[in-house]
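Engineer: Residue 608 is where the first sequence starts when you use my numbering, and the numbers rise one by one after that.
Here's a structure for you.
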Amino acid sequence: MPELPEVETVVRSLRPQLIGRTILVFEPIWPKVIEAVLLDDFTAAVEGQKIKDVTRRGKFILLHLDSVHLAVHLRMTGTLFITRKPVTDFQHITAVFHISAGEKLFFRDTRKFGRIYLYRDLEVLDRKLGIEPLGVGFTTEWLWENLRIRKRQMKALLLDQTFLAGLGNIYADEVLWRAKIHPLKLSNTVSSTKTKALHEAIGTILTDAIAANGTTIRDFTFQDEQTGGFNNELQVFQKEDSACPRCSTTIRKIRAVGRGTHICPRCQRQ
DNA sequence: AAGTAGACTTGTCCCC
DNA sequence: CGTTGACAAGTCTACT
608 MPELPEVETV
618 VRSLRPQLIG
628 RTILVFEPIW
638 PKVIEAVLLD
648 DFTAAVEGQK
658 IKDVTRRGKF
668 ILLHLDSVHL
678 AVHLRMTGTL
688 FITRKPVTDF
698 QHITAVFHIS
708 AGEKLFFRDT
718 RKFGRIYLYR
728 DLEVLDRKLG
738 IEPLGVGFTT
748 EWLWENLRIR
758 KRQMKALLLD
768 QTFLAGLGNI
778 YADEVLWRAK
788 IHPLKLSNTV
798 SSTKTKALHE
808 AIGTILTDAI
818 AANGTTIRDF
828 TFQDEQTGGF
838 NNELQVFQKE
848 DSACPRCSTT
858 IRKIRAVGRG
868 THICPRCQRQ
């Protein structure tokens with residue numbers, strides 16, 4: 608599930624249901640879901656704590672408790688959801704938070720890549736993550752300066768969470784196509800015109816994707832199995848062998864940064 | 001500094 | 001066809 612719009616969709620869905628609730632019992636179905644902290648310490652730190660707010664930073668879902676913060680990363684197949692319905696298939700449930708009012712917050716993750724982190728201080732996480740693409744500091748000028756001082760392949764840079772926090776494989780391909788930039792183009796050689804187009808593309812596409820509740824390729828769901836609606840608005844991702852919506856050239860799938868990458872060979876020259 | 005490969009893990013597809 | 005094996009929405013580490 609995983610990129611910024613999907614995480615934002617989950618946060619918006621969970622926030623009103625979680626704020627003010629208390630975590631009564633933490634049940635680690637698959638204990639490795641807890642990262643970098645002993646299970647007993649984790650349990651002691653969260654049980655009895657009230658959830659004060661639910662926010663997002665990059666692709667992390669943040670649960671702000673009374674005295675600690677939980678950061679949930681869904682990685683590729685994770686889903687975090689509340690349900691009162693009895694869950695009988697625990698095959699892929701990695702953790703359950705029993706919360707007040709008889710509710711349960713489930714973490715289900717088929718591939719078990721997703722993790723829950725415990726932070727006393729959010730600055731530790733903040734230092735590992737780059738700028739928020741929908742934040743006020745992310746301006747065309749910021750992007751221009753930061754592309755110039757690096758010499759990275761554009762797709763690698765957009766996927767680098769320490770540079771820009773929130774884009775993944777789907778939206779990286781979409782924004783590069785919209786801005787007509789080849790994924791292997793070196794960042795310090797991108798023109799100011801295309802930098803401006805890229806900045807616009809990132810803002811527009813992420814905003815539109817959030818408005819559509821994200822993109823569901825396979826596993827992404829939120830709030831009682833609802834799926835994202837941005838699939839219908841994808842222009843190049845998984846569109847190989849079909850026509851570019853802009854110039855009708857056949858979309859190709861190439862390899863970039865070790866990832867399947869979709870481009871229009873005509874719109875996106877290297 | 002920046003690139004690649006491997007690791008983690010399990011389901012899908014039969015393409016690559 | 002799928003008893004194989006590559007690939008998948010992500011990210012970390014080791015190595016060059």
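Every residue, glycine too, gets a C-beta built ideally from N, C-alpha and C.
All values reported here derive from a predicted model rather than from experimental measurement.
Quick check on DSSP: helix, strand or coil for I824?
Structural biologist: Here residue 824 is taken as the residue at index 217 of the first sequence, counted from 1. The answer is coil: DSSP assigns I824 none of H, G, I, E or B.
Engineer: Quickly, what does DSSP pair V661 with across the bridge? List them, please.
Structural biologist: Numbered from 1 along the first sequence, position 54 holds the residue referred to as residue 661. Beta-bridge pairing links V661 to L670.
Engineer: Considering only DSSP beta bridges, list what R866 is partnered with.
Structural biologist: Locating residue 866 in the first sequence gives position 259, counting from the first residue. Its beta-bridge partners are A863.
Engineer: Report all residues from its chain with a CB closer than 7 Å to the CB of W751; omit the five preceding and five following residues, and keep chain order.
Structural biologist: Within the first sequence, residue 751 is the residue found at index 144, counting from 1. Same-chain partners within the cutoff: S799, T802.
Engineer: I need the DSSP call for G810, collapsed to helix, strand or coil.
Structural biologist: Residue mapping note: residue 810 aligns to position 203 of the first sequence, counting from 1. Looking at G810 - three-state DSSP - the assignment turns out to be helix.
Engineer: Going by DSSP in three states, E654 sits in which element: helix, strand or coil?
Structural biologist: The count along the first sequence starts at 1 and reaches residue 654 at position 47. Coil.
Engineer: Measuring straight from C-alpha to C-alpha, what distance separates I636 and I700?
Structural biologist: The residue given as residue 636 occupies position 29 in the first sequence. The residue given as residue 700 occupies position 93 in the first sequence. For I636 and I700, the distance between alpha carbons rounds to 7 Å.
Engineer: Looking at the structure shown, is E634 part of a helix, part of a strand, or coil, going by DSSP?
Structural biologist: Taking the first residue of the first sequence as position 1, residue 634 is located at position 27. The answer is strand: DSSP assigns E634 an E or B state.
Engineer: Just to confirm my understanding: we take E634, look at its own chain, exclude 5 residues before and 5 after, and list those with CB closer than 8 Å. What are they?
Structural biologist: In the first sequence, counting from the first residue as 1, residue 634 sits at position 27. Closer than 8 Å at Cβ, skipping near neighbours: A702, V703, F704, H705.
Engineer: Entirely within the stretch 669-755 and at least 4 residues each: give me those alpha helix (DSSP H) ranges in chain order.
Structural biologist: Listed in chain order, the complete alpha helix (DSSP H) runs (minimum 4 residues) inside the stretch 669-755 are 730-735, 747-755.
Engineer: Tell me I641's beta-bridge partners as DSSP assigns them.
Structural biologist: As a working note, residue 641 is residue 34 in the first sequence. Answer is I723, bridged to I641.
Engineer: Spatial neighbours of L805 within its chain, please: CB distance less than 7 Å, with the 5 preceding and 5 following residues excluded, ordered by chain position.
Structural biologist: As a working note, residue 805 is residue 198 in the first sequence. Cβ within range, chain order: L750, V782, A786, I788.
Engineer: Taking Cβ positions, are L771 and P740 nearer each other than 8 Å?
Structural biologist: Mapped onto the first sequence, residue 771 falls at position 164. Mapped onto the first sequence, residue 740 falls at position 133. Yes, the pair counts as a contact, with Cβ atoms nearer than the cut-off.
Engineer: When the Cα atoms are used, what is the spatial distance from R873 to V618?
Structural biologist: Taking the first sequence and counting its residues from 1, the one referred to as residue 873 is at position 266. Taking the first sequence and counting its residues from 1, the one referred to as residue 618 is at position 11. Each residue's Cα considered, the two are about 38 Å apart.
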